Structures are given as structure tokens and as C-alpha cells.
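Colleague:
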Amino acid sequence: MGQRLTEQHPGRTQQSPICDPGPLHIFVLDGANTAAAISAARTLARGLNAELTLLAAVEVPLPLNLDEPPVSIAFQENRLRELLARNDASGRVDLVLCRDKSTAIVQALPPESIVVLADPKRWFGTAHKLAKTLSRQGHKVFFAEQVKPS
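Heads up: the sequence shown begins at -1 in this note's numbering, then just goes up one per residue.
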């Protein structure tokens, strides 16, 4: 299986080449699809000579202090580094502690970032809402989808 990148535009989707290098971010929205996004982003990062950043927003429930998540930061960072290594990728791992994932992700990105999300099978889910929000703010958002060989 390979990967294909599809650029997300508000209200429409098209396949598109990327010309301008910049920071390249992968969001961890769920563990199951993140490997596909890492694989596609790894190839894209090499072609652009861009640094790869695996970004995860960690929601901390209200009874806890924001700087005291229920699962240790070190454990979560190690888990994400292992995920990068299992997919033959290298790069940074950034955890953002927050109360709301969508808001934290939007605030954590530098301007005009290139973002790779795993392609969910549902068009009404969190990933597509996030993609529309990021696209409206000037980020290039791509969905990595699994492509079965023919």
C-alpha cells in the first residue's frame, strides 16, 4: 500500500502539488490513522527538506491543573517518538497541554504551516472540521490516505 496526499480547501478537495517549503506538522488525532499520515509526511518532508513535527494536543480534565495531565508527559512523548521510529521517520515531538484540542492545535501552529492529517472515512468528523479551520487561516492542509495497489 502507498499513500496519496490530497489538499483540503474549504468546501472542496483537490489533488495538488506542493511547491513552497515550510514547517511540516502531523497531528495525532487518533492512533489508528497516524501511521499513514507519518508515512506520507515523511516522503513529503524529504522532498521539501522540511523538518517533521508530530504534534499532539493532550486534553487535561478540569479537576486537574493544566500542567498535570493524567498520563505523564514523558510517557506520551516516548510513545510518539516510538511511533515515528516504527514508521522510519525522524523529527520533533510536541505535546500541547490544553482544555480544548481544536483551539490548542490552531494556536500551536506557526503561520502558513503545512499540515498532514490522516484521512478519516467520515467527512463530518473532527479532522475535516479542523482542516477547514486551518485552511481558512492560511495553512496548507493535506489528508494522507491509504492507496491499495491495483
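Just so it is clear, CB atoms sit at the ideal spot from N, CA and C, and this is done for glycine as well.
In this text, all values refer to a predicted model and were calculated from it rather than measured experimentally.
Does the stretch 89 to 97 come within contact of the stretch 126 to 137, defined as at least 3 CB pairs closer than 8 Å?
Modeller: no
Colleague: Verify the CB distance criterion: does Asn76 have a CB-CB separation below 7 Å to chain B?
Modeller: The structure shown contains no chain B, having only a single protein chain.
Colleague: Buried or exposed: where does Ser37 fall if 16 or more other Cβ atoms within 10 Å of its Cβ makes it buried?
Modeller: Flag for Ser37 reads buried.
Colleague: Quick check on this structure: which residue in Ala102, Pro68, Leu52 and Glu57 has the alpha carbon closest to the alpha carbon of Asn85?
Modeller: With respect to the C-alpha of Asn85, the residue from Ala102, Pro68, Leu52 and Glu57 having the closest C-alpha is Leu52.
Colleague: Where does Asn47 land, buried or exposed, given buried means 16+ other C-beta within 10 angstroms?
Modeller: exposed
Colleague: For Pro109, collect the residues of the same chain with a Cβ closer than 7 Å to its Cβ; drop the 5 residues on either side in sequence, then sort them by chain order.
Modeller: Sequence-distant partners of Pro109 (beyond 5 residues in either direction) whose C-beta falls short of 7 Å from its own C-beta, in its chain, are Gly136.
Colleague: Taking the straight line between their C-alpha atoms, what separation do you get for Glu66 and Leu95?
Modeller: 9 Å
Colleague: Just verifying my parser: in three-state terms, what is the DSSP assignment at Ala142?
Modeller: strand
Colleague: Does DSSP put His23 in a helix, a strand or coil?
Modeller: strand
Colleague: What residues match up with Val113 in a beta bridge as DSSP calls it?
Modeller: His23 and Val139
Colleague: Excluding sequence positions up to five away, which residues of its chain have a Cβ less than 6 Å from the Cβ of Arg79?
Modeller: Val91
Colleague: CA-CA distance, Arg77 and Val139?
Modeller: 25 Å
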